[in-house]
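Student: Throughout, this note's numbering is defined as the position within the sequence shown, counted from one, plus 11. We treat Cβ as the ideally placed atom computed from N, Cα and C, and that holds for glycine. Computed from a predicted structure; not experimentally measured. To start, I am sharing the structure in question, which I have written as structure tokens.
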Amino acid sequence: MISFIRRSSSKTLIALSGALVALVAVGAVVASGSAGGAGTPPAKPLAQAVADSFAGPQIEGVSARINFTNKLLPTAGFGGQDPLMGGGSGRLWASNNGDVRIELQSDAGGGDVQVVASGDTLWLYHAASNTVYRTTMAPEKKDKADKGAKMPPTVAAVKRVLRELGSDATVSGAVPDNVAGQPAYSTRIQPKANGGLIGGADVTWDAANGAPLRVAVFARGQNDPVLAIEATDVSFGAVDPAVFEVTPPADAKVEELSPAAQSTKLKKGKKPARPITGLRAAQAAAPFTVSAPAKLAGQKRTSVMLVGRGAKKSVVVSYGKGLGGITVMESVATKADAPAATATSKKAERDSIQIPTAKIGSAQGMALGTPLGSVVSFTRDGVRYVVIGSVTQQDALTAARGL
Numbered sequence: 012m013i014s015f016i017r018r019s020s021s022k023t024l025i026a027l028s029g030a031l032v033a034l035v036a037v038g039a040v041v042a043s044g045s046a047g048g049a050g051t052p053p054a055k056p057l058a059q060a061v062a063d064s065f066a067g068p069q070i071e072g073v074s075a076r077i078n079f080t081n082k083l084l085p086t087a088g089f090g091g092q093d094p095l096m097g098g099g100s101g102r103l104w105a106s107n108n109g110d111v112r113i114e115l116q117s118d119a120g121g122g123d124v125q126v127v128a129s130g131d132t133l134w135l136y137h138a139a140s141n142t143v144y145r146t147t148m149a150p151e152k153k154d155k156a157d158k159g160a161k162m163p164p165t166v167a168a169v170k171r172v173l174r175e176l177g178s179d180a181t182v183s184g185a186v187p188d189n190v191a192g193q194p195a196y197s198t199r200i201q202p203k204a205n206g207g208l209i210g211g212a213d214v215t216w217d218a219a220n221g222a223p224l225r226v227a228v229f230a231r232g233q234n235d236p237v238l239a240i241e242a243t244d245v246s247f248g249a250v251d252p253a254v255f256e257v258t259p260p261a262d263a264k265v266e267e268l269s270p271a272a273q274s275t276k277l278k279k280g281k282k283p284a285r286p287i288t289g290l291r292a293a294q295a296a297a298p299f300t301v302s303a304p305a306k307l308a309g310q311k312r313t314s315v316m317l318v319g320r321g322a323k324k325s326v327v328v329s330y331g332k333g334l335g336g337i338t339v340m341e342s343v344a345t346k347a348d349a350p351a352a353t354a355t356s357k358k359a360e361r362d363s364i365q366i367p368t369a370k371i372g373s374a375q376g377m378a379l380g381t382p383l384g385s386v387v388s389f390t391r392d393g394v395r396y397v398v399i400g401s402v403t404q405q406d407a408l409t410a411a412r413g414l
């Protein structure tokens with residue numbers, strides 16, 4: 012994953028982030044329950060509203076029309092007509108075996124985007140560049156707690172989860188609502204401390220079956236969402252498997268996003284290596300000099316970990332706590348990581364975007380700020396650095412210059 016973050020184009024990362032937000036929003040869409048009706052549901056305590064939503068018989072799938080909002084980046088210079096980059100509308104299908112398909116069209120005529128998660132494969136087709144971004148998803152592993160979890164959850168079980176969540180976040184009550192003609196409940200979740208630039212998230216779910224109907228993420232101090240996906244029309248029932256068998260055009264360019272994971276598959280019976288933790292141990296095992304000051308951009312170092320094998324070794328250094336912390340990823344630089352003389356690389360030109368640059372000491376780097384967080388990357392003395400966090404671009408640059 013770290014290798015993917017280091018080597019993917021910025022638009023690839025931004026587009027996939029938008030796609031993953033959409034997939035997370037529908038991850039539990041095929042929940043237990045039956046279809047709802049018009050009006051709003053009765054007022055209930057949050058735990059009761061959640062438990063009751065999952066108490067009905069299981070549904071087989073969902074089909075919906077959706078609106079997707081993405082205000083992470085300014086439209087100028089970042090392909091604002093792209094439906095993933097600038098928002099759009101479309102359709103969503105999900106089955107109870109985990110298959111999901113999202114089809115988005117730009118409101119400004121920027122071409123369509125297809126996102127399909129089926130089996131162990133996730134791919135995104137970007138029509139404007141005629142490019143497919145494809146990766147393999149690791150199979151979901153259920154821990155002992157998951158195996159012993161009772162479904163539908165009891166009110167007591169939901170209360171326990173809410174208490175745990177309440178240690179880090181403020182959770183509002185269940186507000187009766189109606190989305191896409193479905194009686195629903197909404198709640199807002201806000202970080203209690205060091206939430207960085209994240210102000211909170213609104214989650215709205217179907218009162219009859221627990222399916223998420225709207226998910227919105229807000230920047231600190233803002234009333235309008237930065238990211239949101241909302242159903243405008245929804246129906247529940249089995250989805251034809253052929254819906255998920257769609258394929259991108261044969262002449263599309265293909266970018267594989269998981270070559271590192273594919274090349275480091277373990278042989279049968281071989282256990283994965285344990286991460287090496289601690290600055291001294293990580294430095295001893297890393298093929299480069301690790302930069303990990305005790306304090307960075309006003310935040311104390313909290314952990315150092317070496318991950319990966321061979322040439323794929325990377326060191327991850329964390330600073331601060333909570334969502335407002337900063338993470339630094341360090342690895343051996345490759346030819347692909349060579350600093351660009353200008354902000355527009357060939358790949359960026361193809362993606363119709365211009366990435367802002369900044370000086371980090373004597374190095375030329377990339378600096379990208381959004382309402383929810385920032386990323387800075389640069390190469391120095393044969394080492395590639397990526398600084399990322401829910402902090403302002405200036406704070407991310409301060410951190411990068413402190414390495």
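#1: Is it buried or exposed, R320, if we count other Cβ atoms within 10 angstroms and call 16 or more buried?
#2: Cβ atoms of K324 and V339: under 9 Å apart, would you say?
#3: Compare the Cα-Cα distances from P53 to each of G289, L208 and V186 and report the closest residue.
#4: Looking only at its chain, what residues have a beta carbon closer than 6 Å to the beta carbon of A212, apart from the 5 residues adjacent to it on each side?
#5: Would you decide whether S4 is buried or exposed? Buried here means 16 or more other CB atoms lie within 10 Å of its CB.
#6: Applying the criterion that 16 or more other CB atoms from any shown protein chain within 10 Å of the CB defines a buried residue, is V398 buried or exposed?
#7: Whole-angstrom Cβ separation of A180 and G210, contact assumed at under 8 Å?
#8: Following the continuous beta strand (DSSP E) through T409, name the residue where it begins and the one where it ends.
#9: Report the rounded CA-to-CA distance for A138 versus R312, giving the unit in angstroms.
#10: Considering just the uninterrupted stretch of the alpha helix (DSSP H) at A62, what are its terminal residues?
#11: By the three-class DSSP mapping on this structure, what secondary structure does F255 have?
#12: Can you tell me whether V245 is helix, strand or coil according to DSSP?
#13: Quick one: measure Cβ to Cβ for V250 and S129, integer angstroms, because I've assumed they're closer than 8 Å.
#14: If V143 and A263 are in contact, beta carbons under 8 Å, what's the gap, nearest whole angstrom?
#15: What do you reckon, are the CB atoms on P317 and T345 nearer than 9 Å?
#16: So, using beta-carbon positions, are T403 and G380 closer together than 9 Å?
#17: State buried or exposed for V73, treating a residue as buried only when at least 16 other CB atoms are found within 10 Å of its CB.
#18: Measure the alpha-carbon distance for T300 versus M377 and round it to whole angstroms.
#19: Would you check if the distance between the CB atom of A58 and the CB atom of L176 is smaller than 9 Å?
#20: Do you know offhand how far S246's Cα is from N141's?
#21: Give every residue of the same chain whose Cβ lies closer than 7 Å to the Cβ of E114, excluding the five residues on either side of it in the sequence, and list them in chain order.
#22: At the level of alpha carbons, what is the spacing between P453 and G309?
#23: Take R244 and list the residues in its own chain whose beta-carbon comes closer than 8 Å to its own, dropping the five residues that flank it on each side.
#24: Give me, in chain order, the residues of the same chain whose beta-carbon lies closer than 6 Å to that of R225; leave out the 5 immediate sequence neighbours on both sides.
#25: Taking only beta-carbon positions, decide if Y144 is within less than 9 Å of chain D.
#26: Just reading off the beta strand (DSSP E) that L176 is part of, what are its end residues?
#27: Are A167 and A195 touching if we call contact CB-CB under 9 Å?
#28: Should T165 be labelled buried (16 or more other beta-carbon atoms within 10 Å of its own) or exposed?
#29: What number of angstroms, rounded off, separates the C-alpha of Q233 from the C-alpha of L307?
#30: Would you call the CB atoms of G384 and S401 closer than 9 Å?
#31: Which two residues bound the contiguous alpha helix (DSSP H) that contains P290?
#32: Quick test of your reading: V386 and L408, contact by CB under 8 Å. State the CB separation rounded to the nearest angstrom.
#33: Is the beta carbon of G97 sitting closer than 9 Å to the one on Q116?
#34: Nearest-angstrom Cα distance between G333 and A305?
#35: Assuming L290 and V327 form a contact by the criterion Cβ under 8 Å, report the distance between their Cβ atoms to the nearest whole angstrom.
#36: Please identify the residue among G50, V237 and P163 whose C-alpha is closest to the C-alpha of Q69.
Tutor: Concretely, from the data shown:
#1: exposed
#2: no
#3: V186
#4: I200 and V228
#5: This structure cannot speak to residue 4, because the chain is shown only from 12 to 414.
#6: buried
#7: Actually they do not touch by this definition, with Cβ atoms about 12 Å apart.
#8: T409 -> not in any beta strand (DSSP E); alpha helix (DSSP H) instead, spanning Q404 to R412.
#9: 43 Å
#10: L57 to S64
#11: helix
#12: strand
#13: The pair is not a contact, with the Cβ atoms about 12 Å apart (cut-off 8 Å).
#14: 5 Å
#15: Position check: residue 317 holds Leu in this sequence, whereas Pro was assumed. No, they are not a contact pair.
#16: yes
#17: buried
#18: 22 Å
#19: no
#20: 31 Å
#21: G101, R102, D123 and Q125
#22: The requested residue 453 is not part of the displayed model; the chain covers only 12 to 414.
#23: As written in the sequence, residue 244 is Asp, which differs from the Arg given in the question. Counting only Cβ-Cβ distances below 8 Å, and skipping sequence neighbours, we find A75, R76, A191 and G192.
#24: V190, T215 and E241
#25: The chain inventory of the structure shown lacks chain D, comprising one protein chain alone.
#26: That residue, L176, is in no beta strand (DSSP E); its alpha helix (DSSP H) goes V166 to G177.
#27: no
#28: exposed
#29: 27 Å
#30: yes
#31: The question names Pro, but residue 290 in the sequence shown is Leu. Taken as a continuous stretch (DSSP letters only), the alpha helix (DSSP H) holding L290 covers L290 to A296.
#32: About 11 Å separates the two Cβ atoms, so there is no contact after all.
#33: no
#34: 18 Å
#35: Not a contact, Cβ separation roughly 12 Å.
#36: P163
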